[in-house]
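Residue numbers (full-length UniProt numbering): 1 to 169.
Beta carbons are placed, not taken as given, at the ideal position from N, Cα and C, and that holds for glycine.
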Amino acid sequence: MLRQSILRSSASLTRSRTAAVAVRTVHAHAVSNPTLAGIEKRWETMPPQEQAELWMQLRDRMKVNWAELTLQEKKASYYIAFGEHGPRAGTPPGEGWKVAGLTAAGLGVAFVLFCTMRLFAGSAPGTMNKEYQEATNEYLKAQNSEPISGISSEGYSGKGQVQSAPKKD
Numbered sequence: 001m002l003r004q005s006i007l008r009s010s011a012s013l014t015r016s017r018t019a020a021v022a023v024r025t026v027h028a029h030a031v032s033n034p035t036l037a038g039i040e041k042r043w044e045t046m047p048p049q050e051q052a053e054l055w056m057q058l059r060d061r062m063k064v065n066w067a068e069l070t071l072q073e074k075k076a077s078y079y080i081a082f083g084e085h086g087p088r089a090g091t092p093p094g095e096g097w098k099v100a101g102l103t104a105a106g107l108g109v110a111f112v113l114f115c116t117m118r119l120f121a122g123s124a125p126g127t128m129n130k131e132y133q134e135a136t137n138e139y140l141k142a143q144n145s146e147p148i149s150g151i152s153s154e155g156y157s158g159k160g161q162v163q164s165a166p167k168k169d
């Protein structure tokens with residue numbers, strides 16, 4: 001029984017090696033020039049199945065020595081791999097103006113919204129006047145805040161917290 005299983009496995013191994021050798025020795029035939037003529041113009045309109053078949057033919061053809069490829073095959077292979085189609089297609093004409101127009105419209109809407117908010121906003125808060133900010137400076141000095149380089153340090157000559165105009169009556 002063991003002898004028969006060994007014989008069967010060796011026979012199947014021999015058949016698989018023969019099949020593998022047969023596959024390796026098959027040479028792809030050149031793709032016809034009418035099929036490849038004007039591929040740059042036709043590629044986008046070709047059905048996906050036809051695109052796949054043509055690509056498979058060219059792929060099989062590229063497995064042989066590239067010196068055996070025709071010029072049409074080389075050009076078609078390059079276009080299919082790196083040409084301006086699909087995600088690498090160029091931008092449509094006028095797209096730059098469209099982007100600039102939409103950007104300008106967005107900025108215009110933002111400006112109108114800003115002006116509207118400023119128009120209907122109330123008065124400034126009570127802390128946004130010179131008197132309040134000067135009182136804040138005195139409080140910080142009394143608390144000895146920032147004694148190294150701030151308002152409580154020796155020889156400080158900055159404005160401290162003062163940044164607003166005097167309070168309007």
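*Excluding five sequence neighbours on each side, which residues of the same chain lie with their C-beta closer than 7 angstroms to the C-beta of Pro147?*
Ser153
*Given that a residue counts as buried once 16 or more other Cβ atoms are within 10 Å of its Cβ, and exposed if not, what is Ser149?*
Ser149 should be labelled exposed.
*Using the Cα positions of Pro93 and Ser77, report the straight-line distance between them to the nearest angstrom.*
27 angstroms
_Using only CA atoms, which one of Ser157, Ala165, Asn65 lies nearest to Ala124?_
Ala165
*asked:* Measuring straight from C-alpha to C-alpha, what distance separates Pro87 and Lys63?
replied: 26 angstroms
*Should Val31 be labelled buried (16 or more other beta-carbon atoms within 10 Å of its own) or exposed?*
Classification of Val31: buried, given that the 10 Å Cβ count is 16 or more.
*Cβ separation of Gly160 and Asn137, assumed to be a contact under 8 angstroms, to the nearest whole Å*: 4 angstroms
*Pick from Lys41, Gln133, Gly101 that is closest to Lys167, judged by C-alpha positions*: Gln133
*How big is the Cα-Cα spacing for Pro48 and Leu54?*
10 angstroms
*Tell me whether Glu73 is buried or exposed, calling it buried when 16 or more other Cβ atoms sit within 10 Å of its Cβ.*
buried
*Looking at the C-beta of Ser32, does it have a partner C-beta in chain C at a distance below 9 angstroms?*
In the structure shown, chain C does not exist; there is a single protein chain.
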